[in-house]
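Undergrad:
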Amino acid sequence: MSKLPRVLVVGGEAPGFSGAEAIAAALEAVGMKVTRAAESGAIKRLDDGGFDCAVLCPTSQVGENDVLSLEDFVRAGGGLVAVGAPGSLKGR
Numbered sequence: 061m062s063k064l065p066r067v068l069v070v071g072g073e074a075p076g077f078s079g080a081e082a083i084a085a086a087l088e089a090v091g092m093k094v095t096r097a098a099e100s101g102a103i104k105r106l107d108d109g110g111f112d113c114a115v116l117c118p119t120s121q122v123g124e125n126d127v128l129s130l131e132d133f134v135r136a137g138g139g140l141v142a143v144g145a146p147g148s149l150k151g152r
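In this text, residue positions in the sequence shown follow my numbering: the first is 61, and each later residue adds one.
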C-alpha cells in the first residue's frame, strides 16, 4: 500500500473564493493528512520537510520569501497546486 501525501493547505476565505475548507475536507476524506494554515506566512513550514504537497489558496499576500520557499520546495520534489481567485499571485 502506498503512503498518502502529507498536505499543507494554505489560505482561507477570500473575495471570489470560499473553497479552502472544502479542498482540505476532500483531501482528508480520502485519507490524506492535511494541515490547514490561514496565512501565506505558513509557507515557511514547507522548509522543514514535513509535507509532500502544498495547496495554495487565495491569501492576503504571497511575499518574495514565500515564493522562494515554494520554488525550493518544488525543486526538491514537492507537489504544488495553486487554486484561487484572479490576482492571487498578481505580478508573480
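Cβ coordinates follow ideal geometry from the N, Cα and C atoms, glycine included.
1. Give me the Cα-Cα distance between Ala114 and Glu99, rounded to the nearest whole angstrom.
2. Any chance you could list the beta strand (DSSP E) runs of at least 3 consecutive residues sitting entirely within the stretch 108 to 139, in chain order?
3. Just tell me which of Arg96, Leu106, Ala97 has its CA closest to the CA of Arg135.
4. Pick helix, strand or coil for Lys104, following the three-state DSSP scheme.
5. Quick check on Val90: buried or exposed, where buried means 16 or more other Cβ atoms within 10 Å of its Cβ?
6. Short of 8 Å in beta carbon distance, which residues of its chain neighbour Met92, apart from the five on each side in sequence? Order them along the chain.
7. Taking Leu68 as part of the beta strand (DSSP E), name the residues at either end of that continuous run.
8. Going along the chain, which residues of its own chain have a beta-carbon closer than 8 Å to the beta-carbon of Ile83, five neighbours each way excluded?
9. Which word fits Val94, buried or exposed, when buried means at least 16 other C-beta atoms lie within 10 angstroms of its C-beta?
TA: On the basis of the supplied data:
1. 13 Å
2. 113 to 116
3. Leu106
4. If DSSP states are grouped into helix, strand and coil, Lys104 belongs with the helices.
5. exposed
6. Leaving aside the five residues that flank Met92 on each side, the residues in its chain whose CB is nearer than 8 Å to its CB run, in chain order, Leu64, Pro65, Arg66, Val67.
7. 66 to 70 is the extent of the beta strand (DSSP E) around Leu68.
8. Val69, Val115, Cys117, Val143
9. buried
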